[in-house]
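There are 2 protein chains.
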Amino acid sequence: MKIAVIGTGMVGRALAGRLLELGHDVVIGTRDPGQTLARTEPDFLGNPPFAVWQETHPAVRLAPFAEAGMHGEIIVNATLGEISLQALEAVGAANLAGKVLLDLAMPLDLSEGLPPKLLYANTDSLGERIQRAFPDAHVVKTLNTVFTQVMIDPARVPGKHNIFVAGDDAEAKETAKGILRDFGWPADVIIDLGGIKAARATEMYAQFYFALVGALGGSFDFNIAVVRA
Amino acid sequence: MKIAVIGTGMVGRALAGRLLELGHDVVIGTRDPGQTLARTEPDFLGNPPFAVWQETHPAVRLAPFAEAGMHGEIIVNATLGEISLQALEAVGAANLAGKVLLDLAMPLDLSEGLPPKLLYANTDSLGERIQRAFPDAHVVKTLNTVFTQVMIDPARVPGKHNIFVAGDDAEAKETAKGILRDFGWPADVIIDLGGIKAARATEMYAQFYFALVGALGGSFDFNIAVVRA
Numbered sequence: 002m003k004i005a006v007i008g009t010g011m012v013g014r015a016l017a018g019r020l021l022e023l024g025h026d027v028v029i030g031t032r033d034p035g036q037t038l039a040r041t042e043p044d045f046l047g048n049p050p051f052a053v054w055q056e057t058h059p060a061v062r063l064a065p066f067a068e069a070g071m072h073g074e075i076i077v078n079a080t081l082g083e084i085s086l087q088a089l090e091a092v093g094a095a096n097l098a099g100k101v102l103l104d105l106a107m108p109l110d111l112s113e114g115l116p117p118k119l120l121y122a123n124t125d126s127l128g129e130r131i132q133r134a135f136p137d138a139h140v141v142k143t144l145n146t147v148f149t150q151v152m153i154d155p156a157r158v159p160g161k162h163n164i165f166v167a168g169d170d171a172e173a174k175e176t177a178k179g180i181l182r183d184f185g186w187p188a189d190v191i192i193d194l195g196g197i198k199a200a201r202a203t204e205m206y207a208q209f210y211f212a213l214v215g216a217l218g219g220s221f222d223f224n225i226a227v228v229r230a
Numbered sequence: 002m003k004i005a006v007i008g009t010g011m012v013g014r015a016l017a018g019r020l021l022e023l024g025h026d027v028v029i030g031t032r033d034p035g036q037t038l039a040r041t042e043p044d045f046l047g048n049p050p051f052a053v054w055q056e057t058h059p060a061v062r063l064a065p066f067a068e069a070g071m072h073g074e075i076i077v078n079a080t081l082g083e084i085s086l087q088a089l090e091a092v093g094a095a096n097l098a099g100k101v102l103l104d105l106a107m108p109l110d111l112s113e114g115l116p117p118k119l120l121y122a123n124t125d126s127l128g129e130r131i132q133r134a135f136p137d138a139h140v141v142k143t144l145n146t147v148f149t150q151v152m153i154d155p156a157r158v159p160g161k162h163n164i165f166v167a168g169d170d171a172e173a174k175e176t177a178k179g180i181l182r183d184f185g186w187p188a189d190v191i192i193d194l195g196g197i198k199a200a201r202a203t204e205m206y207a208q209f210y211f212a213l214v215g216a217l218g219g220s221f222d223f224n225i226a227v228v229r230a
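Protein sequences appear in the order of chains A and B.
Numbered according to the working numbering, the first sequence terminates at residue 230, and the numbering increases by one at each position without gaps.
Numbered according to the working numbering, the second sequence terminates at residue 230, and the numbering increases by one at each position without gaps.
What follows is the structure in structure tokens.
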């Protein structure tokens, strides 16, 4: 499949790399490819510059947002939550229309450090905002409850543990589940939380998630399993 | 121990019954015992009237909030979140001072049905509000991530699954952990999330929890396990 990953950070790179490995034709979208490639310093999270990463992934093409959007039959939003709407605006509503849009972003407000607050919560969510802004896209909120490395390699966490999808379009959720299965998530651990409104649930989980990170001594390398009576 | 359970609903009854079973001297606090006992109809959640429950638990005494507060060496807030602050005000700041106050309540806004919204979230929590309102109490947020029956009988959910504590007072958290262990929570599944600010984490988890309830076909009989890589 032709897939566009929007965002050149840790999540975007990991997703793009994994999708490439799975045989997809992957383009990463960024505002200004020249500027992205010209960076020589690690980003604010300590990730090496994009150009360094791309040396080991020459098959992943970097393109301006709109060009990436045109390329992708599936679009993956892997931007920081605070700029997701802006970035997707640059990708272009026409390039999102009728397509599956996997929204992995968290609307984190890091202005006061960790644990983060959310930019909005409780009565709204980033997933819903994206769906409202691009009503012709089929937004599926998923993978936003785990750390990057767990997203693309769930087996690094032992045993059964769960991942979630939320979205209004049933077919788009099936496409999303297919990608999750390709990443290594067994079909029976993928829980469908319902419509895109349930993005609130997994986004608000972020405060719990970061509290767990603290309790686990700073490790992000975990997930939760739903255990039934 | 002398324990006051504030609230005569499903959670209050279950907690009081279990604490009695464990050998504690339990008083349930209510606004007006005469009125509580006079009710002959099920409550809005379908629970039988309190008087019916008390027939099978004659050793649990019903008392006005303030009297219950005087009785309790430990206070358990098992009221609905929307009335918790009012109820604890009636218990009395003097009766809470220096005591462990286990806060089990969820600040649910059920005005638009299920899944509930929260009355406040993200930048505040009920746990923090209670701690601010009663600075001399040692508030520990706990048990608010599971259904009543799981709170007092974790073994009904098979295998390892977790429960959380959050509070500013380390000694109070140890007392809380002791009660959790008495309820059947093994020591190694109790996760300390830090100060009372982490009440935000477990309260915001509520939207995720109710989304899971929906995904599991309406069952509340589950919990989550944190699985580490």
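Every residue gets a Cβ at the ideal spot worked out from N, C-alpha and C, and that includes glycine.
Everything numeric in this text was worked out from a predicted model, so none of it was measured.
Would you kindly check if the distance between the Cβ of residue j and the Cβ of residue i is under 9 angstroms?
i                         : j                         : result
glutamate 204 of chain B  : alanine 122 of chain B    : yes
glutamate 129 of chain A  : isoleucine 197 of chain A : yes
alanine 207 of chain B    : asparagine 163 of chain B : no
histidine 139 of chain A  : alanine 95 of chain A     : no
alanine 79 of chain B     : glycine 168 of chain B    : no
alanine 69 of chain B     : valine 101 of chain B     : no
serine 220 of chain A     : alanine 230 of chain B    : yes
methionine 107 of chain A : glycine 73 of chain A     : no
valine 228 of chain A     : proline 187 of chain B    : no
isoleucine 4 of chain A   : leucine 20 of chain A     : yes
valine 120 of chain A     : leucine 109 of chain A    : Checking the sequence, you will find leucine at residue 120 of chain A rather than valine. Yes; because the gap between Cβ atoms is below 9 angstroms, this pair is in contact.
threonine 9 of chain A    : threonine 41 of chain A   : no
methionine 11 of chain B  : histidine 25 of chain B   : no
isoleucine 225 of chain B : isoleucine 225 of chain A : yes
proline 65 of chain A     : aspartate 33 of chain A   : yes
alanine 52 of chain A     : alanine 39 of chain A     : yes
threonine 149 of chain B  : alanine 17 of chain B     : no
Which chain A residues sit within Cβ distance under 9 angstroms of residue i?
i                      : result
proline 159 of chain B : Val228, Arg229 and Ala230
According to DSSP, is residue i part of a helix, a strand, or is it coil?
i                            : result
arginine 201 of chain A      : helix
phenylalanine 223 of chain B : strand
aspartate 26 of chain B      : strand
valine 61 of chain B         : coil
aspartate 170 of chain A     : coil
alanine 41 of chain B        : This sequence places threonine at residue 41 of chain B; alanine is not what is there. Looking at threonine 41 of chain B - three-state DSSP - the assignment turns out to be coil, as it is neither helix nor strand.
aspartate 189 of chain A     : helix
glycine 196 of chain B       : coil
glycine 215 of chain B       : helix
glycine 18 of chain A        : helix
glycine 47 of chain B        : coil
Given that residue i touches chain B, what residues does it touch there, using C-beta distances under 7 angstroms?
i                            : result
asparagine 145 of chain A    : Neighbours of asparagine 145 of chain A on chain B: none; closest Cβ ~11 angstroms, over 7 angstroms.
phenylalanine 223 of chain A : Val227, Val228, Arg229 and Ala230
threonine 9 of chain A       : None at all; the shortest Cβ gap to chain B is about 26 angstroms.
histidine 162 of chain A     : Val228
methionine 2 of chain A      : The contacting residues do not exist; methionine 2 of chain A stays about 27 angstroms from chain B at best.
Using the beta-carbon of each residue, which ones in chain B are nearer than 9 angstroms to residue i?
i                       : result
serine 220 of chain A   : Arg229 and Ala230
leucine 194 of chain A  : Phe209, Ala212, Leu213, Gly215 and Ala216
arginine 133 of chain A : None at all; the shortest Cβ gap to chain B is about 18 angstroms.
Bridge partners of residue i, per DSSP?
i                         : result
tryptophan 228 of chain B : Residue 228 of chain B is actually valine in this sequence, not tryptophan. Bridge partners of valine 228 of chain B: A:Asn224.
lysine 178 of chain A     : For lysine 178 of chain A, which the question treats as bridged, DSSP gives no partner whatsoever.
threonine 31 of chain B   : B:Pro65
valine 6 of chain B       : B:Ile29 and B:Val77
List the residues of chain A that residue i touches, going by C-beta distances under 7 angstroms, in chain order.
i                         : result
lysine 178 of chain B     : The premise fails here: lysine 178 of chain B is roughly 14 angstroms from chain A at the closest Cβ pair, so nothing lies under 7 angstroms.
lysine 118 of chain B     : Asn123 and Thr124
methionine 107 of chain B : The premise fails here: methionine 107 of chain B is roughly 13 angstroms from chain A at the closest Cβ pair, so nothing lies under 7 angstroms.
methionine 152 of chain B : The contacting residues do not exist; methionine 152 of chain B stays about 13 angstroms from chain A at best.
Name the chain D residues that come within less than 7 angstroms of residue i, Cβ to Cβ?
i                       : result
arginine 201 of chain A : Judged by its chain identifiers, the structure shown contains no chain D, and its protein chains are A and B.
At a CB-CB cut-off below 8 angstroms, which residues of chain A make contact with residue i?
i                        : result
methionine 71 of chain B : Per Cβ cutoff of 8 angstroms: no residues; methionine 71 of chain B is ~34 angstroms from chain A at best.
Could you give the uninterrupted runs of the beta strand (DSSP E) lying entirely in the segment 78-165 of chain A, keeping only those of 3 residues or more? The DSSP assignment places 101-104 and 139-143 as complete runs of the beta strand (DSSP E) inside the segment 78-165 of chain A, in order along the chain (cut-off: 3 residues).
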